[in-house]
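Notes to accompany the following structure.
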Amino acid sequence: TLHKRIEKHQASGRTLTLKVKFSNYQQITRSKTLLVPINDLGAIVREAIALFEGIELGDRSIRLLGISLSNLDNVKESPVMQLPLFELSDWNNYCIHK
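Numbered according to this note's numbering, the sequence shown terminates at residue 106, and the numbering increases by one at each position without gaps.
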């Protein structure tokens with residue numbers, strides 16, 4: 009997960025990017041650059057949800073949802089990382105309770 013890899017590499021990042029691909033193959037990308045780097049799971053989830061809520065879904069079905077963290081600080085092993093989406097259970101809990 010995103011959070012586990014950030015912890016593993018002792019990293020934090022300032023820019024969170026959300027990518028949404030729809031079943032009709034349209035794609036939307038939204039990013040937010042924060043004043044301070046984050047590496048906390050709660051902060052990552054809050055920012056990802058805020059970006060997601062700003063997207064007009066209409067009647068389109070989502071086929072892919074991804075987040076990435078960039079503008080990294082304190083990278084232990086590598087200056088560039090591909091970070092996967094946070095655990096699906098976190099997103100499912102959000103969708104169920106919304």
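Glycine included, C-beta positions come from ideal geometry on N, C-alpha and C.
| Check | Outcome |
| --- | --- |
| Start and end residues, beta strand (DSSP E) containing glycine 74 | 70-81 |
| Buried versus exposed call for valine 28 [16 or more other C-beta atoms within 10 Å across all chains shown] | buried |
| Leucine 65 to tyrosine 33 span [Cα, whole Å] | 13 Å |
| Cutoff 7 Å; reference glycine 62; Cβ partners in own chain excluding five residues on either side | Arg38 |
| Euclidean distance between Cα positions of aspartate 48 and histidine 11 | 7 Å |
| Same chain, Cβ closer than 7 Å to leucine 112, neighbours up to 5 away in sequence not counted | Since the first residue shown for the chain is 9 and the last is 106, residue 112 is missing from the structure and cannot be characterised. |
| According to DSSP, residues forming a beta bridge with phenylalanine 30 | Ile70 |
| Alpha helix (DSSP H) segment containing leucine 65, residue limits | Premise fails: leucine 65 is in no alpha helix (DSSP H) and is neither H nor E. |
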